[in-house]
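Here's the structure, in structure tokens; my notes come after.
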Amino acid sequence: MDLERHDILLGALGQIYGDVYLTQTNRPKGMKYFDFVVSEVHGLRIKELMYHKEKGGKVVGTFCVYVPDEIITAAGGISVGLCGGAQFSIPDAETILPANLCPLIKSAVGFKLGKVCPYFEAADFLAGETTCDGKKKAWEILDNYIPTYIMEVPQKKEAIDRELYLKEVKAFKEKMEKESGVKITPEVLGEKIKLMNARRKALERLYELRKNSPLSISGKDACLISQIAFYDNPERFTSKVNELCDELEERIKNSKGVVESTTPRILVSGCPMAVPNWKLHHIVETSEASIVCEETCTGTRYFDTPVVDEIPTDIDGQLNAIADRYLNIKCSCFTPNDDRIDQIIKFARDYKADGVIYYSLQFCLAYNVEYEKVKRALNKEGIPLLKIETDYSEEDTGQLKTRIEGFLERIS
Ligand code: BJ8
1 MDLERHDILL GALGQIYGDV YLTQTNRPKG MKYFDFVVSE VHGLRIKELM
51 YHKEKGGKVV GTFCVYVPDE IITAAGGISV GLCGGAQFSI PDAETILPAN
101 LCPLIKSAVG FKLGKVCPYF EAADFLAGET TCDGKKKAWE ILDNYIPTYI
151 MEVPQKKEAI DRELYLKEVK AFKEKMEKES GVKITPEVLG EKIKLMNARR
201 KALERLYELR KNSPLSISGK DACLISQIAF YDNPERFTSK VNELCDELEE
251 RIKNSKGVVE STTPRILVSG CPMAVPNWKL HHIVETSEAS IVCEETCTGT
301 RYFDTPVVDE IPTDIDGQLN AIADRYLNIK CSCFTPNDDR IDQIIKFARD
351 YKADGVIYYS LQFCLAYNVE YEKVKRALNK EGIPLLKIET DYSEEDTGQL
401 KTRIEGFLER IS
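The numbering of the sequence shown is my numbering, which starts it at 1 and goes up by one.
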């Protein structure tokens, strides 16, 4: 670990966090826990990971919601989401990767090259996947720096694809068993399915509450919670989200909002936003609008549909149920992906959104190209739409703000 650069990174993170989060007013008290997790981002959780490793447990770094946490935890492992959301690590990545590549991939690879992220350094191995071309080729390079296992994710959802994915889920179970020396039993796997379902349900409850007006929590705060889900202890995280939801229910009862009920409501749809990527949320919420939902993998795609509630009691049944649940995620890497479009329309209605901001990271072909179909469908429904394509730098912030303000003017 490069401690000097790590401290600079931490300082930069603290600065961005302070500017984006601590300038908000009227935040729910329950956000204190999540503020603490971020302020201790390289402290408490890292200590927990190190303690886990000292006892012989494995830490697995992941980058995509298609890698099942249930299997990692059933083998006594801890899963940490390692997607990169910082500009800081990109120059390191560009020494070996093309500049015209998705910033999420470059940021993640740069963290490993620069040895600045303690989560990367704590990981025993990485579990990558074949969702997009940039990622799957980057895993080959990352494998030179840390063992990287690759799970094949199909590109379609026909019976043959489901069969392939199920085989991959089974192979991943074997991989975890081999790495950890722990045989996964149906009892423990069943418990872990319940645990991850409880985490999904807590997030779903939070998102349900965001449908109310006036809004009881800002989009920035909800986005932060979704991001923290990827690396916090799942039991503690779930209980803290539920505690926060109790408080939000009280706020809703008393019509206490973070903004006026007339504030324009925006649905964000597209690429995931990894910590500390709060760029779009900050611009929107400092432009007199609120984000009410994220149709992203750091949003609804993370918790949408649990593994069946009636959890099978045998391993085969459980692995089948896991494969079904995960294959139901609606990522643009799949073709066709019309379910996602239907869902965006449904969310726009359910969350009473005044407009949709389609968010694509630069050079993300899947989300960029899928935009055309989304645009046609939303136009047909009369739902206002704005497309943003950006990276993690601050260079286009002013231009984005102007475009977003223009969009808000148009829809209000
Ligand atoms: S399930 S969205 S987490 S792949 S890395 S596809 S932004 S070019 S992250 Fe993703 Fe899994 Fe799908 Fe979700 Fe585009 Fe960048 Fe590729 Fe990306």
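Glycine included, each C-beta is placed from N, C-alpha and C at the ideal position.
I'd like to confirm something about residue i: is its beta-carbon nearer than 7 Å to some heavy atom of the ligand BJ8, or not?
| i | result |
| --- | --- |
| T300 | no |
| L361 | yes |
| G61 | no |
| T335 | no |
| G134 | yes |
| A366 | yes |
| V241 | no |
| V65 | yes |
| I344 | no |
| L164 | no |
| I341 | no |
| I46 | no |
| P91 | no |
| L82 | no |
| P68 | no |
| T148 | no |
| P272 | yes |
| T131 | yes |
| C223 | no |
| L408 | no |
| C293 | no |
| L104 | yes |
| I329 | yes |
| C297 | yes |
If we count the other Cβ atoms within 10 Å of its Cβ and call it buried at 16 or more, is residue i buried or exposed?
| i | result |
| --- | --- |
| E294 | buried |
| Q399 | exposed |
| Q15 | exposed |
| V369 | exposed |
| F303 | buried |
| P147 | exposed |
| S393 | exposed |
| P91 | exposed |
| F36 | exposed |
| N100 | exposed |
| P336 | exposed |
| D133 | exposed |
| K256 | exposed |
| K32 | exposed |
| I71 | buried |
| M196 | buried |
Between residue i and residue j, how many whole angstroms is the CB-CB distance? I'm expecting something under 8 Å.
| i | j | result |
| --- | --- | --- |
| A289 | T238 | About 30 Å; that fails the 8 Å criterion. |
| P264 | D350 | Not a contact, Cβ separation roughly 17 Å. |
| S180 | K58 | 5 Å |
| T298 | Q227 | 5 Å |
| H367 | S332 | For the sequence presented, residue 367 should be read as Tyr rather than His. 5 Å between Cβ atoms; contact. |
| K135 | I96 | No, K135 and I96 are not in contact; Cβ-Cβ is about 15 Å, not under 8 Å. |
| P272 | Y17 | In fact, because the Cβ distance is near 19 Å, the residues do not count as touching under 8 Å. |
| M50 | A122 | 7 Å |
| I184 | K173 | 6 Å |
| C102 | F334 | In fact, because the Cβ distance is near 17 Å, the residues do not count as touching under 8 Å. |
Cutting at 8 Å between CB atoms, please list the residues of its own chain near residue i, excluding the five before and the five after it.
| i | result |
| --- | --- |
| T313 | P186 and G190 |
| K352 | K211, S213, R265 and V292 |
| S287 | K401, I404, E405 and L408 |
| I383 | I345, A348, A353, G355 and V356 |
| Y145 | K112 and L113 |
| R236 | none |
| H52 | V59 and I78 |
| A421 | Outside the displayed span of the chain (1 to 412) sits residue 421, for which this structure offers no information. |
Spatial neighbours of residue i within its chain, please: CB distance less than 6 Å, with the 5 preceding and 5 following residues excluded, ordered by chain position.
| i | result |
| --- | --- |
| V20 | W278 and H282 |
| V153 | Y66, E129, T130 and T131 |
| R199 | P234 and T238 |
| T73 | K192 |
| H6 | V116 |
Kindly list the residues whose CB is nearer than 7 Å to the CB of residue i, restricted to its own chain and excluding five residues on each side of it in sequence; keep chain order.
| i | result |
| --- | --- |
| F111 | G84, S89, C117 and F120 |
| A222 | L206 and R210 |
| E381 | I345 |
| N26 | V258 |
| L327 | K157, R162 and Y165 |
| Y371 | Y358, S360 and K387 |
| D232 | V37 and R45 |
| K330 | R301, N337, D339, R340 and Q343 |
| K373 | I341 |
| E285 | S218, G219, K220 and I291 |
| C64 | E129 and T131 |
Against chain B, with Cβ distances strictly below 8 Å, would residue i count as a contact?
| i | result |
| --- | --- |
| L319 | No chain B appears in this structure, which consists of one protein chain only. |
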